[in-house]
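Written below as structure tokens is the structure these notes are about.
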Amino acid sequence: MDVLIRIKRTMLAGRYVFSEKARSEMESDDLTEVDVVESILNADAIYKKIRSTSPSRKRRREYLYIIQSTNLDGLVVYTKGKLVEAAAETHYYLVSAKEAM
Numbered sequence: 154m155d156v157l158i159r160i161k162r163t164m165l166a167g168r169y170v171f172s173e174k175a176r177s178e179m180e181s182d183d184l185t186e187v188d189v190v191e192s193i194l195n196a197d198a199i200y201k202k203i204r205s206t207s208p209s210r211k212r213r214r215e216y217l218y219i220i221q222s223t224n225l226d227g228l229v230v231y232t233k234g235k236l237v238e239a240a241a242e243t244h245y246y247l248v249s250a251k252e253a254m
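Structure (structure tokens):
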């Protein structure tokens with residue numbers, strides 16, 4: 154299944170979590186959770202897929218997906234996150250969420 158579709162389905166189901174960094178960036182840019190969710194749901198494609206360099210990652214290969222898209226008001230939002238498989242459920246963990254430059 155296409156990764157972007159999986160991400161959108163987890164967002165629609167409300168299965169997403171924001172890191173403290175993402176929350177801090179959102180607060181600095183006056184973004185709400187709704188702004189971020191709308192931008193991901195409006196996305197046509199994943200902008201970039203990168204390998205995680207975090208020393209705390211669980212697997213050998215862990216990928217982060219960068220999505221840049223507009224919310225319903227036309228504001229371009231940059232997000233970076235990963236799909237996390239836990240038990241029988243998948244959720245999307247947002248590492249970064251801010252207004253795109």
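Residue numbering for the sequence shown follows my numbering, beginning at 154 and increasing consecutively.
All C-beta atoms in this analysis are idealised placements derived from N, C-alpha and C, irrespective of residue type, glycine included.
Who does K233 pair with in a DSSP beta bridge?
Locating residue 233 in the sequence shown gives position 80, counting from the first residue. Beta-bridge analysis with DSSP links K233 to I219, S249.
Considering just the uninterrupted stretch of the beta strand (DSSP E) at I203, what are its terminal residues?
Your numbering for residue 203 matches position 50 in the sequence shown. Per DSSP, I203 is one residue of the beta strand (DSSP E) stretching across 201-204.
Spatial distance of Q221 from L228 (CA atoms):
On the sequence shown, residue 221 is found 68 positions in, with the first residue counted as 1. On the sequence shown, residue 228 is found 75 positions in, with the first residue counted as 1. Looking at the two C-alpha atoms, the distance is approximately 10 Å.
Note down, in chain order, each residue of its chain lying with its Cβ closer than 7 Å to the Cβ of K202, except the 5 sequence neighbours on either side.
Your numbering for residue 202 matches position 49 in the sequence shown. Residues Y216, Y218 of the same chain have their beta carbon placed closer than 7 Å to that of K202, with the five preceding and five following residues left out of the count.
Quick check on DSSP: helix, strand or coil for K166?
As a working mapping, residue 166 is identified with position 13 in the sequence shown. Note that residue 166 is Ala in the sequence shown, not Lys. Reduced to three states, the DSSP call for A166 is coil.
Which of the three DSSP states, helix, strand or coil, is assigned to A239?
Here residue 239 corresponds to residue number 86 of the sequence shown, with the count starting at 1. The answer is strand: DSSP assigns A239 an E or B state.
With distances taken Cα to Cα, identify the nearest neighbour of I158 among L184, N195, E178.
Here residue 158 is taken as the residue at index 5 of the sequence shown, counted from 1. Out of L184, N195, E178, N195 has the C-alpha closest to the C-alpha of I158.
Taking just the CA atoms, how far does N224 sit from R176?
Indexing the sequence shown from 1 puts residue 176 at position 23. Indexing the sequence shown from 1 puts residue 224 at position 71. R176 and N224 have their C-alpha atoms some 17 Å from each other.
Sequence-distant residues of its chain with Cβ nearer than 8 Å to R204 (five each side left out):
Here residue 204 refers to the residue found at position 51 of the sequence shown. Cβ contact annotation for R204 (same chain, cutoff 8 Å, sequence separation greater than five): R214, E215, Y216, L217, in chain order.
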